[in-house]
Every structure is written in structure tokens, then in C-alpha cells.
Amino acid sequence: MGPLAPNELISENTNFLLAFFIGIAFGFVLESSGFSSSRKLAGIFYGYDTVVLKVFFTGAITCMLGLLFMGLFGWIDLDLIYVNPTYLTSAIVGGIVMGAGFIMGGFCPGTSFCGAAIGKIDAMVFIGGLFLGIYGFAFTYGWWEKLYMAHYLGEPKVSTILGLSDGLFGLLLILAALAMFVVAEWAEKKFPREAY
Amino acid sequence: MSTSKEIRSKSYLNPYLGGVLLGLVLLSANFIAGRGLGASGAVKSVVATSIKAVDKNAVNTMPFMAEYAESHGGNPMKSWLVFEMLGVLVGGFISGALAGRLKLKVEHSPKISSRRRLIFALAGGILFGFGSQLGRGCTSGAALSGMAVLSLGGFITMMAIFGTAYALAFFFRKNWI
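Protein chains in written order, with this note's numbering: chain A, 54 to 249; chain B, 360 to 536.
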């Protein structure tokens, strides 16, 4: 049955319409969780607010479990699900540059659109920065092309690399997340949290 | 000065409930479109469209546009992520309106000025935009969606983003605490 669009059970235009509705749900959940506030987001790096960790990992795990079970029940063909390719060098270098942007700007791209939607001027300026950064990349692409394409490993799953089944890796990931949640709850009690 | 409004405007969803809902949204995206969520890809589409509009020949002269055309056929604005991100603006607005959080303002720590906050927001945006191109996606597309499908690259990018932000947190502490 699923995924619907790759199996051509819905048309391209229906898929775009559903993308809009999925986006509404995405934006709604992010904003209601407090992701429209850079001060709340940055809290994860100082321990005073760990909402990012909790929402992010609970979200990833929920979806991962959903996909694993739906695959098991035959409701979805996991071979048709897009798995991000791994270009080792650019995944690391890109992540480092993004991490610097995160601690300076206090937003990531998705959350900045949420912030802008409720009137945060700092989020709008951040989005302006996103455009500049992507234009910058576009016009200097030639300089980075080698780095961008280096160490292509295909589309490996981390479970495969570790020699574990997807289910066992999923279980370990859940246990790791639970451990992090315990630390997060402790940190929020330990570090002062001012009202903002 | 009504305190009930103050409290209401600060009440956020329980983060674990928010996480489960986020996971269900991400799961629906995978079930419907066979792909996860994203954000920076929509900005990239707008950038590619604008370059194409100014220079029709860019696809032949600019390696970035050639690479983009190869991986994204057709009209760049007719992309799943563009429609999804338009939805994010609507959904964020609705949530903010319901919670009484709609307000035009620069949010910053009382210890820094608005100007300083905006300069850092701009610099952070530039770095995040640039990095999302190298990393083939941002926190949404590479880290969150990648992790949910157990992509090795997704895990690596996630660790690089958060690891770097933690490593640099000390130097930018004045902005936040």
C-alpha cells in the first residue's frame, strides 16, 4: 500500500496538496512545542531548557517505530522510502557549519519559519541569512564540489553498519533516548530557568 | 496585566507529547510521499528559481544549477518541500494565534541588545544555509528525517550539528544566559 505517491496511488498534485497539510501539522506541532523561540531552543546547549532534545528524539523514535511496524505488517514498502545518502565528508563538515550557525542564530531553518510565522523579527533575519548562505553556496559551488562529493558510501543504514537488525538497533536507540531524557530532566532542575 | 493571559501565552505542549505528534507527522510524510520532512530544501528551490529567472543559461554555466537540475527535474517551485514549508508558516501562525503568541518583536536575552541579537541571527542564518547545502539537508531533512529511517548520514550530521553547538556554547554564552 504505502508509500502512496511512489506507488502512484495518488497523483502528483494530490501529493503536493497533502504536503501543504503535512506542513501545517509540522508547523503547528513545532510552534506549540515552543520551537518558535530561539531562547527556548538554545536552552539545550546550556541545560536550562531541554525541549529540543525531548521533542527531537521522541519524534525520531516514534516515526522509526511506526515505519518498522508498518513495514512488518506489510502496510508500507520500506524499499520505496527515501533513505538519505551518506557522503561522509560533507555530512560532517556541513554538520559542523550548521552547528556553529545554530549556537549563533538560535534557530534551524524549520524553526526559523515557525518563529517568523508568529512575528519574531530575529527569525525573519535568520531566514534572510539562510538565503544569503545558500546563494553563497550556489555561486561558489565549484570550490566545494570535491568536498561535497567525497567519500560517497551509498545509502547505508546505521543498523547495517553496526551489524544489528533494524529492530535491535531501534531498541538500543530508545534506551539511549530514555537515558538522555533522565539527564535532561535532571539538568532542567539543576540549571536556573528564568521566565522568557 | 492579567496574569492568566501571561500564563496562557507561555504554556507550551508537553515536550514528549509534542515529540510523539512530530513523529506522527513525519510518519505520515513517509507514508504519503515516501520521504521525510525538510526545510532548507524549500529555500534552495527559491534560490534556484531566482537564479534561473535572472540567467536562463545558468544551468549550463553554473555547476550548482547543473547539479540541481540533475537531482530536481522540472520547475523548482513545484516541489514537495516548497508546499510543505508554506504549510509550516500557516501551521505555526495558527498555533501562535491560538496560544496568544502573535507579536512582532526581537526576542533576546536581557543582557544583550536587539542589534546584537539580529547580527548573530543573520550570521547564524548564513552559516546554517551554507551548511545545509554541504550536509544535503538541515536539522529537519538530514538529522530528524534521516535518523527516523536509520540513515548513517542522518546520524552523523545530527551528531556534528549538536556536537559543534555544544563545543561552541561556551563562547556564545553571553547571548543566551
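Don't be surprised by glycine CBs; every beta carbon is placed ideally from N, CA and C. No experiment lies behind these values; they were computed from the predicted model shown.
Give me the Cα-Cα distance between residue i and residue j, rounded to the nearest whole angstrom.
i        : j        : result
Leu225/A : Asn137/A : 21 Å
Arg394/B : Ile134/A : 6 Å
Ser361/B : Ala458/B : Only weak support exists for where Ser361/B lies, its pLDDT of 41 falling under 50; the coordinates are left without a value.
Phe73/A  : Phe190/A : 27 Å
Ile520/B : Ala113/A : 16 Å
Ala428/B : Lys470/B : 46 Å
Glu65/A  : Ala388/B : 14 Å
Phe184/A : Val449/B : 20 Å
Ser468/B : Lys93/A  : 11 Å
Met517/B : Thr139/A : 13 Å
Phe222/A : Gly207/A : 20 Å
Leu486/B : Val150/A : 6 Å
Leu121/A : Gly484/B : 35 Å
Tyr99/A  : Ile156/A : 10 Å
Leu70/A  : Asn419/B : 32 Å
Met202/A : Thr193/A : 15 Å
Ala95/A  : Met233/A : 17 Å
Phe109/A : Leu503/B : 7 Å
Leu228/A : Ser218/A : 16 Å
Gly455/B : Gly433/B : 35 Å
Leu106/A : Lys415/B : 44 Å
Ser370/B : Lys462/B : 16 Å
Arg476/B : Ala528/B : 15 Å
Leu57/A  : Ala144/A : 29 Å
Ile63/A  : Gly522/B : 40 Å
Val235/A : Tyr188/A : 41 Å
Pro374/B : Tyr101/A : 14 Å
Arg532/B : Ala524/B : 11 Å
Phe166/A : Ser212/A : 33 Å
Glu466/B : Cys497/B : 23 Å
Asn534/B : Met123/A : 44 Å
Please classify residue i: is it buried, with 16 or more other beta-carbons within 10 angstroms of its beta-carbon, or exposed?
i        : result
Trp128/A : exposed
Lys464/B : exposed
Gly377/B : buried
Val146/A : buried
Val406/B : buried
Tyr205/A : exposed
Lys173/A : buried
Leu125/A : exposed
Arg367/B : Bear in mind that the predicted position of Arg367/B carries a pLDDT of just 46, short of 50, making it too unreliable to give a figure here.
Asp132/A : exposed
Ser438/B : buried
Leu83/A  : buried
Thr164/A : buried
Pro305/A : Residue 305/A is absent from the structure shown; chain A starts at 54 and stops at 249.
Trp197/A : buried
Pro435/B : buried
Leu215/A : exposed
Trp239/A : exposed
Any heavy atom of the ligand GDP closer than 8 Å to the CB of residue i?
i       : result
Ile75/A : Inclusion of the ligand GDP in the displayed structure is not the case, the ligand content being empty and no account of it being possible.
Looking at the secondary structure, which residues open and close the alpha helix (DSSP H) in which residue i lies?
i        : result
Met202/A : Tyr194 to Met202
Asn60/A  : Looking at the DSSP string, Asn60/A is not in any alpha helix (DSSP H), and its letter there is neither H nor E.
Thr408/B : Ser399 to Val413
Cys167/A : Pro162 to Ala170
Trp239/A : Asp219 to Lys243
Ile129/A : Counting along the chain, Ile129/A falls outside any alpha helix (DSSP H), and DSSP gives it neither H nor E.
Thr139/A : Taken as a continuous stretch (DSSP letters only), Thr139/A belongs to no alpha helix (DSSP H), as it is neither H nor E.
Leu206/A : Looking at the DSSP string, Leu206/A is not in any alpha helix (DSSP H), and its letter there is neither H nor E.
Pro374/B : Pro374 to Ala392
Lys533/B : Arg532 to Trp535
Leu215/A : Val211 to Leu215
Met424/B : Pro422 to Ser430
Below 9 Å between beta carbons: does that hold for residue i and residue j?
i        : j        : result
Gly55/A  : Phe442/B : no
Ala170/A : Val447/B : yes
Ser499/B : Leu396/B : yes
Met117/A : Ala398/B : no
Met424/B : Lys411/B : yes
Leu381/B : Thr111/A : yes
Gly488/B : Gly152/A : no
Ala482/B : Gly87/A  : no
Phe452/B : Gly168/A : no
Leu511/B : Thr115/A : no
Ala401/B : Leu440/B : yes
Phe479/B : Gly158/A : yes
Ala78/A  : Val384/B : yes
Ser91/A  : Ala176/A : yes
Pro162/A : Ala392/B : no
Leu200/A : Leu493/B : yes
Which runs of the alpha helix (DSSP H) fall wholly inside the segment 438-525 of chain B and span at least 4 residues, in chain order? Every alpha helix (DSSP H) of 4 residues or more that sits fully in the segment 438-525 of chain B is shown, in chain order, as 439-457, 473-493 and 504-507.
Please give me, in chain order, every unbroken run of the beta strand (DSSP E) with length at least 3 that falls completely inside the segment 57-101 of chain A. Fully enclosed beta strand (DSSP E) runs of 3 or longer: not present.
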